[in-house]
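**Q**
Numbering (the numbering used here), first residue to last: 38 to 154.
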């Protein structure tokens, strides 16, 4: 899955650690080996990667990934598009689908600033 934000209305200074909270349900979960997540942004047709990581499948369906940023990685320019890629690595058949939850009861989100919780 590739998720993109609207264009950023201003310059953004990120926290030293960006936290990604995902509510996912791969179906069937038995064929999933791991889930890879990449967070970055696109500005002036150039792609930048902020960080990436892998998470193992669990029965709760909530996944947290923290990305530690260097000082020179903590700025996203105005008019950028924030991009998150979620890649499910399968052991093999049966292949299935990935449900991504973003509603009020299971809010998948990316916490960009220190003052968010």
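Backbone N, C-alpha and C define an ideal beta-carbon position, used for all residues, glycine too.
Which first and last residues belong to the beta strand (DSSP E) in which residue 146 is found?
**A** Here the beta strand (DSSP E) through residue 146 covers 146-148.
**Q** Within a Cβ cutoff of 6 Å, which residues of the same chain sit near residue 147, ignoring the five residues on either side of it in sequence?
**A** Cβ within range, chain order: 57.
**Q** Between the Cα of residue 63 and the Cα atoms of 109, 133, 83, which residue gives the shortest distance?
**A** With distances taken between Cα atoms, residue 63 lies closest to 133.
**Q** Using a Cβ distance threshold of 8 Å, determine whether the stretch 95-107 contacts the stretch 116-129, with at least three qualifying pairs required.
**A** They do not touch, by the three-pair rule.
**Q** Per DSSP, what kind of secondary structure is residue 82 in: helix, strand or coil?
**A** In the structure shown, residue 82 sits in coil (DSSP, three-state: anything other than H, G, I, E or B).
**Q** Which residues does DSSP list as the beta-bridge partners of residue 138?
**A** DSSP, once it has assigned bridges, lists 60 as partnering residue 138.
**Q** Under the three-state reduction of DSSP, which class applies to residue 93: helix, strand or coil?
**A** Three-state DSSP puts residue 93 in coil, outside helix and strand.
**Q** With which residues is residue 47 paired in a DSSP beta bridge?
**A** Its beta-bridge partners do not exist; DSSP assigns none.
**Q** From the DSSP output, read off the bridge partner residues of residue 77.
**A** Answer is 86, 120.
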